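Down below is the structure, laid out as structure tokens.
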Amino acid sequence: MFYNCHTHIFNAKSVPEDFLGHGLIRLLSKSKFSFYLVFYWKRASHWVVVNLQKIPVVSTVMHSDSYVLEKVSGWLRRSVFTRWLARIFEWFADTPKDFVAKYAYLIEAGREKSQELIFEKLRKIPCYSEDTRFVVLTLNMDHMAAGMPRINYLTQLSFITRLKKKYPQHLLPFLCIDPRSGDEKQLLSFARHYIEDLGYIGIKFYPALGFYPFDPRLKLLYEYAQEKEIPIMTHCTKGGVFYKGELTADHLHPRDLDNKFIDTVFIDTSQLRNRVFKNNFSNPDNYRLVLERFPELKICMAHYGGSDQIMDYLRTKNEKSWYYKIKRMLVEYRNVYTDVSYTLFETHVFKLLKEDILSDEVGDKILFGTDYYMTEQEKNEKDLVSDFRKVLNESLFMKIALRNPEKYLKSAFYYPP
Numbered sequence: 080m081f082y083n084c085h086t087h088i089f090n091a092k093s094v095p096e097d098f099l100g101h102g103l104i105r106l107l108s109k110s111k112f113s114f115y116l117v118f119y120w121k122r123a124s125h126w127v128v129v130n131l132q133k134i135p136v137v138s139t140v141m142h143s144d145s146y147v148l149e150k151v152s153g154w155l156r157r158s159v160f161t162r163w164l165a166r167i168f169e170w171f172a173d174t175p176k177d178f179v180a181k182y183a184y185l186i187e188a189g190r191e192k193s194q195e196l197i198f199e200k201l202r203k204i205p206c207y208s209e210d211t212r213f214v215v216l217t218l219n220m221d222h223m224a225a226g227m228p229r230i231n232y233l234t235q236l237s238f239i240t241r242l243k244k245k246y247p248q249h250l251l252p253f254l255c256i257d258p259r260s261g262d263e264k265q266l267l268s269f270a271r272h273y274i275e276d277l278g279y280i281g282i283k284f285y286p287a288l289g290f291y292p293f294d295p296r297l298k299l300l301y302e303y304a305q306e307k308e309i310p311i312m313t314h315c316t317k318g319g320v321f322y323k324g325e326l327t328a329d330h331l332h333p334r335d336l337d338n339k340f341i342d343t344v345f346i347d348t349s350q351l352r353n354r355v356f357k358n359n360f361s362n363p364d365n366y367r368l369v370l371e372r373f374p375e376l377k378i379c380m381a382h383y384g385g386s387d388q389i390m391d392y393l394r395t396k397n398e399k400s401w402y403y404k405i406k407r408m409l410v411e412y413r414n415v416y417t418d419v420s421y422t423l424f425e426t427h428v429f430k431l432l433k434e435d436i437l438s439d440e441v442g443d444k445i446l447f448g449t450d451y452y453m454t455e456q457e458k459n460e461k462d463l464v465s466d467f468r469k470v471l472n473e474s475l476f477m478k479i480a481l482r483n484p485e486k487y488l489k490s491a492f493y494y495p496p
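So the number in our numbering is just where the residue sits in the sequence shown, counting from 1, plus 79.
Written out as structure tokens, the structure is:
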């Protein structure tokens, strides 16, 4: 038995209608070959609409309408069309490749009609045994200013709650909290209900969706989490989805947990494009402001900063890399952890990850996780896990996949078997 501490099973219904922030035609129109691409796209679009109505993903390409994602046909599921589409956009579109690819693979991997089907598919992957336990991270995308998903966050949670009852030992849900969802007391009440009454075992943050983890509305939640030893998992990489709306005074001049304005030097306003500004929300340094008040808080800085930050440190020993920042916090704070999710697709970082797992300083603070199904765009889950396990001996793997997770997940409401 072991744990995968970082997975997702939300499907296309949970994704906002303007997840990309643009229609894909608009993406194409920004490319160097915009005139030719738009000209031929327009000529081809009529044929596509008329002849390929059985492939609703066409609607997604033309309107970024997530309603149709769930209806991808069996032919599309078995074909290489989605991967081909992603590669075409990667080649021509004036946007980071990983972002466009993630959307295309979301169509493919998130095509299932229900979260249960995605979870069952995950459990059946050969790298997992019948008794493997999965931390399932919910995601609140209702406030990312990309339109509303077909099903809102509360509906997403209702499906997860039913699944938890069906798989009480194998599905370990974390409740995503966004401070824009309510005031201090409302957020605390919301968390207590799902954790104490419905069996959720942790809290999930995704600051890149438009908030800072030192938001004063989170203060009571932190007090509760520290007192009850409830684990928190937070997105901590420069990649991933992000807030699409206009930047507000709260973004540019945020307040700390005591509702006081923080030093503006702390926020980098040199780039106000959302794609870049989001790094202010996710910066590992933000958590120092939280940990100064709640030093015993149990929190996992997911992804170890990201493979790009690890590679940057390997090349330059850059102490501003997020990898290095997180590693220092692992040493300084007793209950700060990290995981290798998504990052482990990059084989070039295996050597350093193994060294850290062997380390007396931080080896007990690293968790195994994959970030399924987001990693499907890089490598299939079976190979992802198998390749990483080959680098570690069995003892080291069980250290990050069993012993460390047991310490991290243990709380007043969850006691590992």
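By construction, the Cβ of each residue, glycine as well, lies at the ideal position given by its N, Cα and C atoms. Being a predicted model, the structure only gives us computed values, none of them experimental.
Check: For the 8 Å Cβ check, are there 3 or more pairs between the region 403 to 417 and the region 379 to 393?
Finding: Yes: the two stretches touch, three or more of their Cβ pairs being nearer than 8 Å.
Notebook entry, point to check: Exposed or buried, what is residue 243 when buried is set at 16 or more other beta-carbons lying within 10 Å of its beta-carbon?
Noted result: By the 10 Å Cβ count, residue 243 comes out buried.
Check: Of all the options 255, 263, 300, which has the alpha carbon lying nearest to the alpha carbon of residue 279?
Finding: With distances taken between CA atoms, residue 279 lies nearest to 255 out of 255, 263, 300.
Notebook entry, point to check: Closest by CA to residue 85, which one among 418, 319, 390, 225?
Noted result: Relative to the Cα of residue 85, the nearest Cα in the group 418, 319, 390, 225 belongs to 418.
Next item on the list: Give a yes or no on whether the minimum CB-CB distance between residue 249 and chain C is below 8 Å.
Entry: Absent from the structure is chain C; it holds one protein chain and no more.
Next item on the list: Could you tell me whether the Cβ atoms of residue 305 and residue 368 are closer together than 8 Å?
Entry: In this structure, residue 368 does not lie closer than 8 Å to residue 305 by Cβ.
Checklist line | Proximity winner among 334, 483, 200, relative to residue 455 (alpha-carbon distances) | finding: Distance from the Cα of residue 455 is smallest, within the candidate group 334, 483, 200, for 200.
Checklist line | Buried versus exposed, by CB contacts within 10 Å (16 or more), residue 264 | finding: Per the 10 Å Cβ criterion, exposed.
Notebook entry, point to check: What did DSSP end up calling residue 366 once you bin it into helix, strand or coil?
Noted result: Three-state DSSP puts residue 366 in a helix.
Notebook entry, point to check: Taking just the CA atoms, how far does residue 239 sit from residue 445?
Noted result: Rounded to whole angstroms, the gap between the alpha carbons of residue 445 and residue 239 is 26 Å.
Check: On the premise that residue 211 lies in contact with residue 83, defined as a C-beta separation below 8 Å, what is that separation, rounded to the nearest angstrom?
Finding: The Cβ separation is near 7 Å, so the contact holds.
Check: Are the beta-carbon atoms belonging to residue 360 and residue 286 less than 8 Å from one another?
Finding: A contact, by the Cβ cut-off of 8 Å.
Next item on the list: Could you tell me whether the Cβ atoms of residue 322 and residue 365 are closer together than 8 Å?
Entry: The answer is no: Cβ separation not under 8 Å.
Notebook entry, point to check: In terms of residues, what are the limits of the beta strand (DSSP E) holding residue 320?
Noted result: From DSSP, residue 320 is part of no beta strand (DSSP E); its letter is neither H nor E.
Checklist line | Of the residues 213, 272, 262, the one placed nearest residue 247, counting alpha carbons only | finding: Of the candidates 213, 272, 262, the one whose C-alpha sits nearest the C-alpha of residue 247 is 213.
Notebook entry, point to check: In whole angstroms, what separates the C-alpha of residue 207 from that of residue 387?
Noted result: Cα to Cα, residue 207 sits roughly 28 Å from residue 387.
Item checked: alpha helix (DSSP H) segments (min. 4 residues) lying fully within the region 226 to 283 -> Those alpha helix (DSSP H) runs which fall completely within the region 226 to 283 and span 4+ residues are 232 to 245, 263 to 271.
Next item on the list: For residue 213, write down the residues that DSSP places opposite it in a beta bridge.
Entry: Residue pairing by DSSP places residue 213 opposite 83, 250 in a beta bridge.
Note to self: Suppose the cutoff is 7 Å on Cβ atoms and the five residues either side in sequence are ignored; what does the same chain contact list for residue 374 look like?
What the structure shows: 412.
Notebook entry, point to check: Bridge partners of residue 379, per DSSP?
Noted result: In the DSSP secondary-structure assignment, residue 379 is bridged to 312, 416.
Item checked: First through last residue of the alpha helix (DSSP H) which encompasses residue 397 -> Per DSSP, residue 397 lies in no alpha helix (DSSP H) and is assigned neither H nor E.
Note to self: Using a Cβ-Cβ cutoff of less than 7 Å, which residues in the same chain neighbour residue 400 once the five nearest sequence positions on both sides are dropped?
What the structure shows: Excluding positions up to five away in sequence, the list reads 384, 388, 391, 392.
Margin query: On the criterion of 16 or more Cβ atoms from any shown chain inside 10 Å, does residue 461 qualify as buried, or is it exposed?
Written below: It is exposed - the Cβ of residue 461 has fewer than 16 other Cβ atoms within 10 Å.
Notebook entry, point to check: What is the rounded straight-line gap between the Cα of residue 424 and the Cα of residue 452?
Noted result: For residue 424 and residue 452, the distance between alpha carbons rounds to 12 Å.
Note to self: Taking the straight line between their C-alpha atoms, what separation do you get for residue 416 and residue 379?
What the structure shows: Their backbone Cα atoms lie some 4 Å apart in a straight line.
Next item on the list: Report the rounded CA-to-CA distance for residue 320 versus residue 288, giving the unit in angstroms.
Entry: Rounded to the nearest whole angstrom, the C-alpha separation of residue 320 and residue 288 is 7 Å.
Checklist line | C-alpha distance - residue 136 paired with residue 94, whole-angstrom precision | finding: Because the pLDDT at residue 136 is just 45, under 50, the model does not fix this residue reliably, and the value given afterwards should be weighed accordingly. The alpha-carbon atoms of residue 136 and residue 94 are separated by roughly 14 Å.
Note to self: What does the alpha-carbon distance come out to for the pair residue 96 and residue 283?
What the structure shows: Taking the straight line joining both Cα atoms gives about 23 Å.
Notebook entry, point to check: Excluding sequence positions up to five away, which residues of its chain have a Cβ less than 7 Å from the Cβ of residue 362?
Noted result: Once the five neighbours on either side are set aside, residue 362 has no close Cβ partner at all.
Check: What residue from 220, 276, 249 has the CA that sits closest to residue 259's CA?
Finding: Per the Cα distances, 220.
Note to self: How far does the alpha helix (DSSP H) with residue 477 in it extend, from its first residue to its last?
What the structure shows: Per DSSP, residue 477 belongs to the alpha helix (DSSP H) from 473 to 477.
Next item on the list: Assign residue 393 to one of three DSSP states: helix, strand, or coil.
Entry: DSSP places residue 393 in helix when its eight states are reduced to three.
Item checked: N- and C-terminal bounds of the alpha helix (DSSP H) containing residue 197 -> It spans 194 to 202 - the alpha helix (DSSP H) in which residue 197 sits, taken as one unbroken run.
Notebook entry, point to check: What residue from 301, 437, 81 has the CA that sits closest to residue 249's CA?
Noted result: Distance from the Cα of residue 249 is smallest, within the candidate group 301, 437, 81, for 81.
Notebook entry, point to check: Leaving out five residues before and five after residue 241 in sequence, what residues of the same chain have Cβ atoms less than 7 Å from its Cβ?
Noted result: Here the set comprises nothing.
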